[in-house]
Every structure is written in C-alpha cells, then in structure tokens.
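When we follow my numbering, the leftmost residue of the sequence shown carries the number 2, and every step to the right adds one.
Idealized CB from N, CA, C, for every residue including glycine.
Here is the structure we will look at.
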Amino acid sequence: MSIRVLSLYEGFFAGGARILHTNVVRALHASGQRHSVLSIASSAKREGTIQRMESDARYQTLTASGVPVRTLGRTAGASAPSPESYTDEELAIAAAAVADVDVILSLKEQPVGLLRALRDRGLMPDVPVIVCLHRSDPRHSGAALDHLVDAARDGLVTDVVSCAASTEMAYRRAGVHPERSVVIPNGIDLDVFRPGTQDEISETKRKLGIPEDAPVVVYAARFDPMKDPSLFLRAVAEHEREDERTHYVMCGAGMTRENAAFAELLEESGVAGTHRVHALGIRDDMPALYRIADIVALTSSFGEASPLCLLEGMASGAVPVTTDVGDAAVEVDGVGRVTTHLPADVAGHWRDVIDEPVPHRDGIDALRDRIGAHRMIDDYRDAIATAYAARMTPARAGAGADAPRR
C-alpha cells in the first residue's frame, strides 16, 4: 500500500524552504507515495510584494506533477495564524484534507496551529505528524514556536526533521522534544544546478547587459533583515571602489528598485547610481543566473540553517563567500570562504576569490556528490516510513528497526 502523505504549507511564496520541500514532495509522489498539499494561504504580503499562489513556481510545479493542492484562501502575513483564528468553514476544509492520510508533513512550525485547532474540535485523526524545520533561530518564529513546543510535548507532533545540525540543536534548546528527531541535510538537483557552457554564460550575460569578461557576484535572498541586504550593499560599495569590472546581481522577493525600502538602502550604501548593480526581484531562472556567477554571496545575520543558495551556487561553479550562520560554514568548508559582518572583510574575500578562482573550483567539483538531491530524497522517504511504521506498531516506536537514523 502506498503511504498517503499530506503536506501543510503556510502559503506559496518565495523562499528556499518552500523550494526544497516542493522538490521533496514532487520526487516522492513520482516514486510511489501519494502526496497532496493543503496551503493555509492563497496569497502573501511579504517583502514589499503581493505573491499569489497560482503565480508561484512551486505551486505550478506541484500541480503539473499531479499533486493535488487545496487552500483555505487566507492571506499570509508576518505572523502565523493562531488556533483560535480558524473559522468553522476553514476547519471543515482542513478536516477533509487530513481525513484520509497516513502521515502529515508540516513545512516549518507555522501550520502547527491549524492542527491544534483541528484537535481541539475533535477533527484531528490519529496519524503521525512530522514537522520539517529550516531555521537556526526558532525564537524569531513567535507564537508558532510555542505551538510546536506544546504539540511535541503532548504527542500531536511525533517527529521532527531538521535540515541542519544547528537547527536540531536550536529547537531542542527551545524545548522541542518529539518522539523521533532526525537531521536530513539539504540537497539539490545536480542536473539543474551545474556549470554553464560558454554559450549559456554569454547569453545570460548579454540579456542582463553584463560584459562577457566581467566577474559576477550573485546574491539570492529575499528582502528581509535576516538576510542583511544592507551588509551586501555596503560590501558592494567597498568592492567597487577598487574594482571597475565586477557586476552584482541581486534577486529575490523585494529586491527591486520599486521596493521603496530597498531603494532607500541603495541610496544609504552609496551604490544607487551604479549600473553594475542588477536588482532583479523574484526570478524563475536561478540556474542560469548561478552559472554566470564567480561568487555566490550570503550576508545573513541570523536564522539560516542550510542555505540553498550556497549549495546551488557551488554546484554551478561559483565560489561561496558567507557569514558564519547556521551550518553555512560547514557547507562551504574546503571550498569557499567565511567572512565577518564587516563590509571591508566581505569585499576583501570577494577580491581574493576573483583574483585567484582556479584553486576553489577544483574543490567545488569534488563536492557535488555530497550535495545531490538523491540522498536527501531517500532520507525523507525513510523518515516518513519510520513515522508511519511506528504509529502502526506503537510498542516498537523509537526502537530497533524503526529507530530513526541520526
């Protein structure tokens, strides 16, 4: 019998965790499990943008793959919905979605409040609930963390999958102690994220107005304090004073001059007038953008766990330069560089990499096997099967063959 799995999304909007979870769901659905999705929101107001579910690449990927997607029709904002906020109509939709599944996957902790609301109304089936965590600072999750702590304590949440060791440790310290916990490092599709041919690189640079011989720094992040775009732009200001060739490509939700807060940061950083900063906003052609990158930059100040942008950039041939957040330093060990949060230090690392790119690229080629998606997909399949088997045979939960791999 195929295991029937329901994934809960807070909503469909730009972000690495949604990209990764969607790739997992699509792959497992294609390999025999029966997956479906319930999204609390059908649109989101985030990073100075309105993002609608039907326009989101993750939603389009799932529906094209035959994965049914339902929604409660809410608008996602800065805070996760509380259990008390759900209406009878919304709970009826959710109850229908959870009624005939064997396992529930919650993408992050924000949807756990919905499960608590279902249980409080007697609408929650006795199925394992796996929460997939992707942060290294759960305190920034607000009330959603409290819902997760309580749900793990009383057995509503049975399993946790963390994308990084730093994530598992942080949530344990915050009081999240489920029956089972496993770390599954992020992985990416190495057929999609790969070094570009000369023709591919030339064409993408031509479209962006970047000279063919110009070095490129790619910064893929949403416009959020966690990502610290101010540090990136101040590093650009430092770097371009001594470098007349490099171009800086910024992409992600809110990374456009139409976003007033972003435009203000450009002015404050002193780079508003340069033609070498390309603010592209949300893009669906990230593989092509990574292929033109000499450097993939991450300047986050908190919150990161296992940043996908570093993996995707590295697999495409870029050298990562990152601040020390979450497991980022572990991800780039032997390949990239870890910097302080000082703009001059960030710019100095960029300068060194551009001046001596070859030694780094040798290490990048050797890294590809470790960061491929196949290992990650297999581990998620095992985590789901373990949770399902443990619920079917409660006496064996957490022991012997059913114990999760750590």
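Burial state of residue i, where buried means 16 or more other Cβ atoms lie within 10 Å
i       : result
Ile-51  : exposed
Pro-126 : exposed
Ile-208 : A quick correction: the sequence has Lys, not Ile, at residue 208. That one is exposed.
Gln-111 : buried
Thr-168 : buried
Gly-16  : buried
Met-287 : buried
Phe-13  : buried
Gln-199 : exposed
Ile-315 : A small correction: the amino acid at residue 315 is Met; Ile does not occupy that position in the sequence shown. Answer is buried; the Cβ neighbour count reaches 16.
Glu-268 : exposed
Glu-265 : exposed
Ser-317 : buried
His-276 : exposed
Ser-8   : buried
Ser-37  : buried
Thr-88  : exposed
Leu-21  : buried
His-240 : buried
Beta carbon of residue i nearer than 9 Å to that of residue j
i       : j       : result
Ala-215 : Met-256 : no
Met-227 : Ser-302 : yes
Leu-149 : Val-113 : yes
His-279 : Val-250 : yes
Val-130 : Leu-108 : no
Ala-18  : His-135 : yes
Leu-311 : Thr-323 : yes
Ala-118 : Pro-84  : yes
Gly-304 : Val-333 : no
Val-1   : Tyr-220 : Missing from the structure shown is residue 1; the chain here goes from 2 to 407 and no further.
Ile-4   : Tyr-389 : yes
Asn-187 : Gly-49  : no
Gly-197 : Ile-41  : no
Same chain, Cβ closer than 8 Å to residue i, neighbours up to 5 away in sequence not counted
i       : result
Tyr-381 : Val-25, Leu-29, Val-162, Ile-185
Ala-1   : Missing from the structure shown is residue 1; the chain here goes from 2 to 407 and no further.
His-178 : Ala-153, Arg-154
Ala-175 : Pro-139, Arg-140, Leu-146, Val-150
Chain-order list of residues whose beta-carbon lies under 6 Å from that of residue i (same chain, five-residue window excluded)
i       : result
Gly-43  : It should be pointed out that residue 43 corresponds to Ser in this sequence rather than to Gly. Closer than 6 Å at Cβ, skipping near neighbours: Met-54, Thr-72, Gly-74.
Glu-213 : Ser-203, Lys-206
Ile-378 : Ala-28
Ala-384 : Val-162, Val-183
Cβ-based neighbour list, residue i, same chain, cut-off 7 Å, excluding 5 preceding and 5 following
i       : result
Val-132 : Ser-107, Glu-110, Val-113, Leu-149, Val-158, Val-161
Ala-31  : Ser-66
Cβ of residue i within 9 Å of any chain C Cβ
i       : result
Gly-282 : Note that chain C does not occur in the displayed structure, where there is just one protein chain.
| said: Runs of 3 residues minimum, wholly inside the stretch 178-245: which ones carry the beta strand (DSSP E) assignment? | reply: Complete beta strand (DSSP E) runs here, min 3: 181-184, 217-221.
| said: Can you confirm whether the stretch 232-247 touches the stretch 345-356 when touching is taken to mean that 3 or more C-beta pairs between the two stretches lie within less than 8 Å? | reply: They touch, by the three-pair rule.
| said: In chain order, what are the residue ranges of uninterrupted alpha helix (DSSP H) at least 4 long that sit wholly in the stretch 10-85? | reply: Within the stretch 10-85, the complete alpha helix (DSSP H) runs of at least 4 residues are 17-31, 58-65.
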